[in-house]
Structure formats: structure tokens, C-alpha cells
Amino acid sequence: MSLALVPCRDEDSRSQPWLDRRPSGHVWNLNVLLVDDDAADTSLILDVLRRHPDVAAVHAFDAPIAALRQLATGRQKPNLVLLDIHMPRLDGFEFLKELRRIESMVSVPVVFLTTSGLTRDVREYSASSASSYIIKPDTYFELQTRMDAVIKRALSGVWRR
Numbered sequence: 266m267s268l269a270l271v272p273c274r275d276e277d278s279r280s281q282p283w284l285d286r287r288p289s290g291h292v293w294n295l296n297v298l299l300v301d302d303d304a305a306d307t308s309l310i311l312d313v314l315r316r317h318p319d320v321a322a323v324h325a326f327d328a329p330i331a332a333l334r335q336l337a338t339g340r341q342k343p344n345l346v347l348l349d350i351h352m353p354r355l356d357g358f359e360f361l362k363e364l365r366r367i368e369s370m371v372s373v374p375v376v377f378l379t380t381s382g383l384t385r386d387v388r389e390y391s392a393s394s395a396s397s398y399i400i401k402p403d404t405y406f407e408l409q410t411r412m413d414a415v416i417k418r419a420l421s422g423v424w425r426r
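Here my numbering is used: the first residue of the sequence shown is 266, the next is one more, and so on.
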């Protein structure tokens, strides 16, 4: 298991990763959970999220089972989950099914963020309780653009159940 806490602006907040650090005028900042086994992708996504003004904190796990265990404790509740599909031991679809069994996570938006454009994955996404499906872009700028759109949708409440 690898847990990377990324405070977005306040380097002294490591002991309180879900601390609400919203600037005045903001209605709400997101606490994001990222589950992805690819270290390079995780690093880029974390960098984009760290720089976004509407993201309060990010927790990143490279092991989906470890992420589920942490969420099951109830001590942390993200407002948004970014989830890879193809991971060892537990894929993104299985993770999502288990995530929805955690009472506090039933209505949290989940976005598949994956390199897979396979038809079977898109079909399975369509039948799942995920909010969106995004193929990881090739450029940093495009990743920023897509993450900005995801964050705006999450903050808008469009994905709430």
C-alpha cells in the first residue's frame, strides 16, 4: 500500500488531510480520492489536482484494497473519487461495487480515469454507478482541462444522487 497525501496549498496541514481550506468566496472545496496503480499517471494527476484552487486535499492509493480499508473506517470521506480500471488484485469495476457497500460512499461521484478505450470497459461503465468515464489524455494541458471540467461538475452537484 502506498498513501500519498498531497496538501494543496498549506504544507503544514499534513496531519489533517481533509481539513477544509476553502478561500473566502468559495462555497466548497473538494477532497479527492485517487486510486491508480501507475506511478507516472498518479504523479501527473496529483500535480494537476494540487494546483487546482477548488481542491482542498488529495489522497492517492496505488492499491485499491488499501483504499477500501481506509474508507471503511469512516474517518475520511472524499467528495470525489478518481479511479483507474485496470489494476492488479481488484479492478476499478470491482472496487466501485465494494465502494458502494460503504454507506458513506453510496452517493459520492466516481469518475473512471483510465487509458482503456475498450468497448467492453465502456459498456461495463455504462452499467455501473460511476458518474463519468475519461480516457487519460496524452498531454498535461489536456489533463488539466479535463480535471477542471470534472471538478466543476463535482462542485455543481450534477452527479449527486
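Even for Gly, the Cβ is constructed at its ideal location relative to N, Cα and C. Every value quoted in this text rests on a predicted model; they were computed, and no experiment measured them.
Residue from the options whose Cα sits closest to the Cα of residue i
i, options, result
"Pro402", "Val300, Val313 and Val297", "Val313"
"Ala427", "Asp349, Pro374, Asn294 and Ser394", "What the structure shows of the chain is the stretch from 266 to 426, and residue 427 is not part of that stretch, so it cannot be assessed."
"Ile367", "Asp356, Arg340, Ser391 and Tyr390", "Arg340"
"Ala370", "Arg354, Ala392, Pro353 and Ala337", "Before going further, note that residue 370 is Met rather than Ala in the sequence given. Minimum Cα distance to Met370 is reached at Ala337."
"Ser396", "Arg316, Arg315 and Val415", "Val415"
"Val300", "Asp413, Met352, Leu420 and Arg365", "Met352"
Alpha-carbon spacing of residue i relative to residue j, whole angstroms
i, j, result
"Thr380", "Ile400", "5 angstroms"
"Gly422", "Glu363", "23 angstroms"
"Tyr261", "Arg334", "This structure cannot speak to residue 261, because the chain is shown only from 266 to 426."
"Trp424", "Ser394", "10 angstroms"
"Leu355", "Leu378", "16 angstroms"
"Leu323", "Asp302", "One detail in the question is off: residue 323 reads as Val in this sequence, not Leu. Val323 and Asp302: Cα-Cα distance of roughly 15 angstroms."
"Arg388", "Phe406", "28 angstroms"
"Arg418", "Arg411", "11 angstroms"
"Ala304", "Ile330", "17 angstroms"
"Gly357", "Asp386", "10 angstroms"
"Ser444", "Thr404", "Because residue 444 is not part of the residues shown, which for the chain are 266 to 426, the question remains open."
"Arg287", "Pro318", "With a pLDDT of 45 at Arg287, under the threshold of 50, the predicted position of this residue should be treated as unreliable, and no value is reported."
"Arg316", "Arg365", "29 angstroms"
"Glu359", "Lys342", "19 angstroms"
"Ser289", "Leu420", "Annotation note: pLDDT 47 at Ser289 (below 50); position unreliable, no value reported."
Within 8 angstroms, strictly: CB atoms of residue i and residue j
i, j, result
"Val373", "Leu361", "no"
"Ala325", "Thr307", "yes"
"Leu311", "Asn344", "no"
"Val320", "Val346", "no"
"Leu309", "Leu383", "no"
Coil, strand or helix - residue i by DSSP
i, result
"Ala414", "helix"
"Ala322", "strand"
"Ser421", "helix"
"Leu336", "helix"
"Asp285", "Note that Asp285 scores 43 on pLDDT, short of 50, meaning its location in the model is unreliable; the coordinates nonetheless yield the value given after this. Of the three classes helix, strand and coil, the one that applies to Asp285 here is coil, per DSSP."
"Thr384", "helix"
"Gln409", "helix"
Proximity test, Cβ basis, 8 angstroms: residue i and chain D
i, result
"Leu299", "Absent from the structure: chain D. Only one protein chain is present."
If we require 4 or more residues per run, which alpha helix (DSSP H) segments fall completely within the segment 349-377?
357-364
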